[in-house]
Amino acid sequence: MHQPPAHPNPPNQPNQPTSSAPPFNAPAARRLRAGLNMGPEHVAYGLRTSYGLPYVTPDLVVAWERGLTAPSSPELTALAGVLWCSLGELIGRPRTLGEHRIARALAPEDVARAVGLELRAYLQMEEENTWRGGDRQSALLAEVLDLSIPDFVAVTGRETRLAELLRSAATTRWQAYVRPVTKLVPLDRRLLEDVLQELHQDYQGQMVASLNWGEGAAAGTAQDSGRAYLDRIVDHFWAAVQDNSS
């Protein structure tokens, strides 16, 4: 008999987890299942019998893999067990403090202890996604979570301020923003000078083109391109850092 599709969050399942989930890598889950020669029904069976998730059906597994819904954090942990993989293999690129911790399969108390914070204080930072640790604690956080410099900047809440400084550097005198950016981003000063100058030249080049084209459609396109460039200034910054570091 055909089984009706499962609701992503069945209302009458008291045992279903309700916690929020980290970013789920649906294609990876599908690929890992196929690599084990398992069907959605095998995954659902494993989650029901081995991990105490009685509401999981093959249709729910398929919905996860198609990106129609995402497993909660406990479901994700159980799915990693069924698929014989690490939790990190099922998680997309982490964005928040909590997501980075989950991707490393660390408990909150482990991170709190490593950075020298009370558990309650750390959990509040994670819940609000607002890092308030000092410089030493920030360095320890980057170490325990194995954060890249871009991730460190994002997780410690510096990305918004960085974007403001970069937009100003691109649109005005870039030299005035080397020191403020250096305080936010732990990179070599000479490298930052090269990168800020490059961002400034790229943006100004687009604006000069819009002036040369007058008031026509081409000028409007150039101005739109300039605005789009500023909207993605942080992405351009990290790309330039990588190019100038190689």
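In the working numbering, the protein residues as written are 1 to 246.
Just so you know, even glycine gets a beta-carbon here, dropped at the ideal spot from N, CA and C.
Bear in mind the structure is a predicted one, so any value in this text is a computation, not a measurement.
Query                                                                                                         : Result
Contacting residues, own chain, Cβ-Cβ under 6 angstroms from residue 12 (five flanking each side not counted) : Interpretation of residue 12 is limited by its pLDDT of 38, a score under 50 that renders its predicted location unreliable; no figure is taken from the coordinates.
For residue 134, the nearest candidate out of 115, 146, 119 (CA to CA)                                        : 115
Whether residue 153 touches residue 195 by CB criterion (8 angstroms)                                         : no
Distance CB(residue 178)-CB(residue 193) smaller than 8 angstroms                                             : yes
Residue 143 burial status per 10 Å Cβ neighbour count (16 or more: buried)                                    : exposed
Euclidean distance between Cα positions of residue 126 and residue 88                                         : 19 angstroms
Contact under 8 angstroms by Cβ, residue 94 with residue 103                                                  : yes
Residue of 237, 182, 150, 141 minimising C-alpha distance to residue 170                                      : 237
Status (buried if at least 16 other CB within 10 Å, exposed otherwise) for residue 1                          : For residue 1, the pLDDT reaches just 36, beneath the cut-off of 50, and the residue's location in the model is therefore unreliable, although a value from the coordinates is still provided. So residue 1 ends up on the exposed side.
Per DSSP, cross-strand counterpart(s) of residue 91                                                           : 24
C-beta atoms of residue 187 and residue 241 nearer than 8 angstroms                                           : yes
Residue 28 versus residue 168: straight-line alpha-carbon distance, rounded                                   : 40 angstroms
Integer Cβ distance of residue 91 from residue 23, believed to fall under 8 angstroms                         : 6 angstroms
Pair within 8 angstroms by beta-carbon distance, residue 268 and residue 229                                  : For the chain, the structure presents residues 1 to 246; residue 268 sits outside this window and is missing.
Residue 13 (DSSP reduced to helix, strand or coil)                                                            : Note that residue 13 has pLDDT 40, beneath the 50 cutoff, so the model's placement of it is unreliable and no number is given.
Reduced DSSP secondary structure (H/G/I, E/B, other) of residue 77                                            : helix
Alpha-carbon spacing of residue 123 relative to residue 77, whole angstroms                                   : 20 angstroms
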